[in-house]
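Novice: The structure under discussion is supplied below as structure tokens; questions concerning it will follow.
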Amino acid sequence: MLRYGILSTASIVDRFVAGIRESGDGYVQAIASRSLEKAKIAAERLNIENYYGSYDELFEDDNIDVIYIPTVNGLHYRDCRKALLHHKHVVMEKPFVLHSLEAIELFELAKKQNCFLMEAQKCVFLPTTKKVKELINNNIIGKVKYIEYKAGFPGRFDYDHWMYDLTLGGGALYGSATYTIESLQYLFDQPDLDIDGTCIKCPTRADEICNFQLKVNLEILVSSTIAMNVELKNEAVFYGELGYIVVPYFWKSKGLELHIHGQETQYFDYPYQSEFVYEIKHIHDCLNKGLIESPVMNKEKTIQACQLVEKLYQKWQ
């Protein structure tokens with residue numbers, strides 16, 4: 098039974114903890130916050146026995162095997178480095194870090210410490226995503242020519258929230274671009290990706306809405322729009338010569354629609370309790386095999402994603 102320490106009381110924690118418990122092979126040993134009161138409230142809500150009012154106490158807990166890091170994006174590098182230096186395995190929420198050189202350094206440190214390190218990209222482990230890959234590989238919709246990703250979540254944050262502070266890893270691109278990039282990496286087996294795009298900035302100078310385009314192996318055009326200010330039709334659509342696939346809420350999808358020209362629509366459903374359970378089971382499989390890197394969500398994918406996002410932000414300065 099792998100023992101987890103949760104580094105933060107962020108809203109995403111509840112669903113990750115549910116995934117650990119659904120996996121049947123994990124136990125939440127402790128949760129930490131910078132505030133003891135917040136840690137206590139979260140521990141009581143989630144039925145976690147141990148809680149700490151500082152991150153250092155969690156790092157120093159010898160009863161923890163894996164630390165899950167869902168802290169503010171801009172603090173990922175700092176928190177991950179500390180966890181690795183305390184010889185903890187680490188699962189770090191996306192986006193992994195803000196700069197590709199930081200990602201390279203962390204993976205080198207993990208190797209030196211003989212610790213498992215993986216970006217928590219739940220999207221690539223979903224049964225829906227695996228089904229899309231199967232349909233594409235079997236040429237069910239013909240040769241894929243165009244893909245469109247849309248994600249909109251208006252009204253979630255005020256301008257004084259860290260999600261509107263680029264120095265802390267806020268902004269639409271930092272927040273959700275990895276869902277697009279890393280699902281493409283998985284679907285097309287680490288393809289060559291070329292990126293370009295544009296954005297509209299808000300008064301804080303963060304990108305509030307952005308659109309970026311990718312070329313996959315110079316053969317497939319991809320358009321991805323992420324909005325923090327308007328509601329979009331949250332879905333991914335894969336267009337082939339013979340039909341298309343629609344994946345509602347592609348980052349946490351429970352099913353898909355298959356449209357073949359001239360045929361009735363087919364529906365595939367994959368219900369779950371927590372969308373995190375699939376990646377957590379993969380993490381456990383890796384650790385039980387003694388791996389320090391995921392063969393699916395490997396360092397090459399994470400570093401490439403960091404480089405592509407970094408390239409756009411440099412352009413938008």
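Residue numbers (this note's numbering): 98 to 414. Note that CB positions come from ideal geometry on N, CA and C, so glycine has one too. Since the structure is predicted, the reported quantities are computational estimates derived from the model, not experimental observations.
(1) Would you mind stating whether Glu338 and Lys247 have Cβ atoms separated by less than 8 Å?
(2) Kindly indicate which residue of Tyr276, Glu245, Ala269 has the alpha-carbon position closest to the one of Glu216.
(3) If I follow the unbroken alpha helix (DSSP H) through Thr345, where does it start and stop?
(4) Using the beta-carbon count (16 or more within 10 Å), is His186 buried or exposed?
(5) Looking at the secondary structure, which residues open and close the beta strand (DSSP E) in which Leu104 lies?
(6) Measuring only the C-alpha atoms, how far is Gly352 from Gly123?
(7) Sorted by chain position, which residues of the same chain lie with C-beta nearer than 8 Å to Asn314's C-beta, five sequence neighbours on each side aside?
(8) For the structure I just gave you, are there three or more beta carbon pairs, one from the segment 389-408 and one from the segment 198-218, closer than 8 Å?
(9) Suppose the cutoff is 7 Å on Cβ atoms and the five residues either side in sequence are ignored; what does the same chain contact list for Ala84 look like?
(10) Between Tyr367 and Phe156, what straight-line distance do the alpha-carbon atoms span, to the nearest angstrom?
(11) Compute the distance between the beta-carbons of Ala127 and Tyr148, then report whether it is under 8 Å.
(12) Which runs of the beta strand (DSSP E), 3 residues or longer, sit entirely within the segment 183-224?
(13) If you drop the 5 nearest sequence neighbours on each side, which residues of the same chain put their C-beta closer than 7 Å to that of Gln370?
(14) Taking Trp348 as the reference, which of Glu361, Ala333, Gly340 has the closest Cα?
(15) Please list, in chain order, all residues of the same chain as Phe254 whose beta carbon is under 6 Å from its beta carbon, the five residues on each side excluded.
(16) Taking DSSP as the reference, what is the three-state secondary structure of Phe365?
(17) Using 8 Å as the Cβ pair cut-off and three pairs as the minimum, do the segment 129-136 and the segment 102-114 touch?
(18) According to DSSP, is Asn308 part of a helix, a strand, or is it coil?
(19) Just list the residues that DSSP pairs Val169 with in beta bridges.
(20) In chain order, what residues of the same chain lie with their CB nearer than 6 Å to the CB of Met325, ignoring the 5 residues before and after it?
(21) Cβ atoms of Tyr174 and Ile244: under 8 Å apart, would you say?
(22) For the alpha helix (DSSP H) that His358 lies in, which residues bound it at each end?
(23) Thinking C-alpha only, which one of Arg112, Asp159, Tyr271 is nearest Ala139?
(24) Let me confirm a value: Gly272 is counted as buried when at least 16 other C-beta atoms fall within 10 Å, else exposed. Which label applies?
(25) Can a CB atom of chain D be found closer than 8 Å to the CB of Glu316?
(26) Select from Cys299, Leu405, Asp382, Trp413 the residue whose C-alpha is nearest the C-alpha of Leu198.
(27) Please report the distance separating the alpha-carbon of Glu316 from that of Ala136.
(28) Which of helix, strand or coil does DSSP assign to Glu354?
(29) Shortest alpha-carbon distance to Gln218 belongs to which of Ser151, Leu182, Met189, Asn234?
(30) Which complete alpha helix (DSSP H) runs does the segment 99-167 hold, if anything under 4 residues is left out?
Specialist: Here's the rundown:
(1) It is not a contact, given that the beta carbons lie outside the stated cut-off.
(2) Residue nearest to Glu216 within the set Tyr276, Glu245, Ala269 is Tyr276 (criterion: CA-CA distance).
(3) Before going on, a small fix: residue 345 reads as Pro here, not Thr. No alpha helix (DSSP H) holds Pro345; the beta strand (DSSP E) holding it covers 340-345.
(4) His186 should be labelled buried.
(5) 99-104
(6) 26 Å
(7) These residues qualify, in order along the chain: Phe285, Pro288, Asp289.
(8) yes
(9) Nothing about residue 84 can be reported from this structure: the residues present for the chain run from 98 to 414 only.
(10) 36 Å
(11) yes
(12) 186-190, 214-217
(13) Ala115, Glu119
(14) Ala333
(15) Same-chain partners within the cutoff: Met260.
(16) strand
(17) yes
(18) For Asn308, the three-state secondary structure derived from DSSP is strand.
(19) DSSP output for Val169 lists no bridge partner at all.
(20) Ala269, Glu305
(21) no
(22) Note, His358: premise wrong, no alpha helix (DSSP H); not H, not E.
(23) Arg112
(24) buried
(25) Included in the structure is just one protein chain, with no chain D present.
(26) Leu405
(27) Distance between the alpha carbons of Glu316 and Ala136: 49 Å.
(28) strand
(29) Met189
(30) Runs of the alpha helix (DSSP H) inside the segment 99-167: 110-120, 133-143, 152-156.
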